[in-house]
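Reminder that position 57 of the sequence shown reads as 1494 in this note's numbering, one-by-one numbering, no gaps.
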Amino acid sequence: MVGGEPMSARDRILARVRSALSDVPREENPDDVPVPREYERSRSGVDVVELLVDRLTDYRAQVREAPDVAEAVMEALTRRDARRLAVPAGVPDAWLNSVEAIRDDPPLPNVELNGLDGVLTGCAVAIAETGTIVLDAGPDQGRRALTLVPDYHLCVVRRDQIVRTVPEAVERLDPSRPLTWISGPSATSDIELNRVEGVHGPRTLEVLIV
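The following block contains the structure:
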C-alpha cells in the first residue's frame, strides 16, 4: 500500500523494477554510456554462394547458378511459359533476349502489373547466412510495387553482391534509401499454422546467381 491506499498494478511493477535496479550504479548522463559496436562482421566456413543457395532453398525459393544471364532468364521463363515481364528502367538490354519487357517508365498501373507474367530485377546485396535478398530501389530494381504486385519475381544476383552476414550487408547499404528485405517467396500463416503464399508479395521467387 502507498499512503494507506492499495497499490495499482502499475505501481507494483514499477516498485519491482526499482528494487531490481537498486544495486545498479546510476550514470550522471545516460548519453555518455558506451555502447559496444564490435559486431562480428564476417565468419569463415562454407562458401558464401553455397550457403546462400542452401538458405534460399530452405525458404522455398528456386535457385540456379548460371554463367550467362540472358540464357538463364530465357530458360527460366520458358519453364514457366512466361513471356511478358515488368522490368525496371535500369535493367540491361543484354538480359532481355527473347523477353517481352514492359519497362516501368512511366510507372505501370498496379492493375497492369498484376496482369503480367512476372518481374525481372537485379539486387543491391544478398546475405548468405539469412538467405535474404535486399533491394534498394536502384536502377535495376525499381520501385517497391514492382516486386510486390506480380506473382513471380526473377532476381539476378551477382557473386560480388553476396556477403555472409547482416552487418556486412548493412555496411554496403544506404539507410536513406527504401530497402526491401526478401527471404523467400511471400508467405504467412493463420492461427492454425496453415501456410499461405502470395498474400503480401510474389508467390514464387526465383534467383539466378551469375
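Glycine included, each C-beta is placed from N, C-alpha and C at the ideal position.
Using 8 Å as the threshold, is the C-beta distance between residue i and residue j below it?
i     : j     : result
T1558 : V1528 : yes
V1485 : I1599 : yes
R1497 : G1621 : yes
A1561 : R1492 : no
T1602 : L1572 : no
A1538 : L1522 : yes
P1544 : R1580 : yes
D1542 : A1531 : no
L1550 : A1503 : no
L1489 : A1563 : yes
Can you check which of these residues, the options, is closest to residue i by C-alpha distance?
i     : options                       : result
L1553 : A1565, V1600, Q1578 and L1514 : L1514
A1624 : P1473, D1588 and E1605        : D1588
R1614 : A1452, N1534, M1511 and Q1578 : Q1578
V1607 : L1489, I1570, A1582 and V1633 : I1570
V1644 : E1629, L1545, A1519 and V1510 : V1510
R1595 : V1500, V1472 and L1451        : V1500
V1556 : R1520, S1535 and A1563        : R1520
P1604 : D1448, V1461, E1475 and S1459 : E1475
N1547 : D1518, T1584, D1627 and N1534 : T1584
L1533 : V1593, T1494 and L1610        : V1593
E1512 : P1473, E1629 and S1535        : S1535
Under the DSSP definition of a beta bridge, which residues are partnered with residue i?
i     : result
H1590 : V1556 and L1642
E1537 : R1521
Q1578 : For Q1578, which the question treats as bridged, DSSP gives no partner whatsoever.
A1624 : E1634
R1501 : L1645
A1677 : The chain is shown from 1438 up to 1647; residue 1677 falls before or after that span and cannot be answered.
I1450 : Paired residue(s): none; I1450 is not in a bridge.
W1618 : V1571
Just checking: is the beta-carbon of residue i within a distance shorter than 8 Å of some beta-carbon in chain C?
i     : result
P1604 : Note that chain C does not occur in the displayed structure, where there is just one protein chain.
Measuring CB atoms only, is the region 1579-1588 touching the region 1632-1643, in the sense that at least three cross pairs come out at less than 8 Å?
Between the region 1579-1588 and the region 1632-1643, the count of C-beta pairs closer than 8 Å reaches three or more; the two stretches touch.
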